[in-house]
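Residue numbers (UniProt numbering): 1 to 157. The beta carbon of each residue, even a glycine, is placed where N, CA and C say it ideally should be. Nothing here was measured: the structure is a model prediction, and the numbers come from that model.
Okay, here's the thing in structure tokens:
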């Protein structure tokens, strides 16, 4: 039975090939990690923005609902669409409650100092008490605009 190992030349060639592969992996891995980190940050940003847009959208869907004779407009746009006040009859009692603020059936959204803000019980776009729903240290909102789009009523045959 003959036992034979690698020759010195074969061992050196194997080590050289292994070293080249290891150096390639060492150069590739940090670039891959940076790319994955950027992708994760982008995904987190998109998720954060989607959640905010979804919240505003849900309020817009409710705008104007009234079971009775509510006074005023269900949707008010101000500041060129950068601020909106949405009203709906959440408890179906036939009127839009304005107080107390915790039970108020109006919600405002506005862009202010690079952040999207909201205020329950808002009656106009000025004043204090608005709460930031985006963190300006993480996301700077440069534009927020809502436009009213009137679509023609569908015809029935």
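> Is there at least one Cβ from chain B nearer than 8 Å to residue 145's Cβ?
Replying inline: Absent from the structure: chain B. Only one protein chain is present.
> So, is residue 107 buried or exposed, given that buried needs 16 or more other C-beta atoms within 10 angstroms?
Replying inline: Locating residue 107 in the chain shown gives position 107, counting from the first residue. Counting the other Cβ atoms within 10 Å of the Cβ of residue 107 gives 16 or more, which makes it buried.
>> I'd like to check one pair, residue 151 with residue 131: are the Cβ atoms closer than 8 Å?
In response: Translated into positions along the chain shown, residue 131 becomes position 131. Translated into positions along the chain shown, residue 151 becomes position 151. No.
> residue 83 lies in the beta strand (DSSP E); which residues open and close that run?
Replying inline: Residue numbering aside, residue 83 sits at position 83 when the chain shown is read from its first letter. 83-87 is the span of the beta strand (DSSP E), which, as asked, contains residue 83.
> Relative to the C-alpha of residue 47, which residue among 134, 144, 145, 148 is closest?
Replying inline: In the chain shown, residue 47 corresponds to position 47, counting from 1. When C-alpha distances from residue 47 are compared across 134, 144, 145, 148, the shortest belongs to 134.
> What are the boundary residues of the alpha helix (DSSP H) that includes residue 148?
Replying inline: Taking the first residue of the chain shown as 1, we reach residue 148 at position 148. Annotation: residue 148 is outside any alpha helix (DSSP H) and is labelled neither H nor E by DSSP.
> Skipping 5 residues on each side, what residues in its chain have a beta carbon closer than 7 Å to that of residue 104?
Replying inline: Walking along the chain shown from the start, residue 104 turns up at place 104. The answer, listed in chain order, is 97, 98, 120, 121.
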